[in-house]
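**Student:** Residue numbers (my numbering): 109 to 230.
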Amino acid sequence: MKFKSKFKLWFPVVIWCAVIFSFSSLRINKIKEFSWLDFIFKKTAHVVEYAILFYLTFRAASDKGKKHTAKIIAFSIIFSLFYAISDEWHQSFTPGREATLRDVGFDTIGILLSYTQIKKVK
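Shown next as structure tokens:
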């Protein structure tokens, strides 16, 4: 595969990682009282962000689905999980943010939901 075609496949992954990183860099003021609406919105964002990251990574690694192997799926899952963990670590340095395993759990839900859709297409 030529550099140009690899670049076209992997560039969206890089851009999406940058989008996630930029959202994680935003300072968040703590709310005084727990809000279900706030909780649902933020956790849904985690699920959607990482469902998209898994899909883009799988798409790039599989050459738009042409190579559909367990190794490529495993790579896509591991890459997405690693990025989720590193993103939480990054948040631990951002004022007003905190790193939680719970958020990695929501990220994992997004990854697995996206995986189930890839599996159906196979």
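Glycine residues also receive a C-beta, built at the ideal position from the N, C-alpha and C atoms.
For residue 128, does the three-state DSSP call read helix, strand or coil?
**Tutor:** As a position in the sequence shown, residue 128 is number 20, starting the count at 1. If DSSP states are grouped into helix, strand and coil, residue 128 belongs with the helices.
**Student:** In the structure shown, what three-state DSSP assignment does residue 148 receive?
**Tutor:** Mapped onto the sequence shown, residue 148 falls at position 40. It is helical.
**Student:** Going by alpha carbons, who is nearest to residue 128 out of 221, 228, 159?
**Tutor:** Indexing the sequence shown from 1 puts residue 128 at position 20. Closest by alpha carbon: 159.
**Student:** Can you list, in chain order, the stretches of the beta strand (DSSP E) that have 3 or more residues and sit fully within the segment 189 to 230?
**Tutor:** Within the segment 189 to 230, no complete beta strand (DSSP E) run reaches 3 residues.
**Student:** Give every residue of the same chain whose Cβ lies closer than 6 Å to the Cβ of residue 155, excluding the five residues on either side of it in the sequence, and list them in chain order.
**Tutor:** Residue numbering aside, residue 155 sits at position 47 when the sequence shown is read from its first letter. Here the set comprises 214, 217, 218.
**Student:** What would DSSP say about residue 184, mapped onto helix, strand or coil?
**Tutor:** Here residue 184 is taken as the residue at index 76 of the sequence shown, counted from 1. Residue state, collapsed to three classes: helix.
**Student:** Please report the distance separating the alpha-carbon of residue 120 from that of residue 180.
**Tutor:** Counted from its first residue, the sequence shown places residue 120 at position 12. Counted from its first residue, the sequence shown places residue 180 at position 72. The alpha-carbon atoms of residue 120 and residue 180 are separated by roughly 17 Å.
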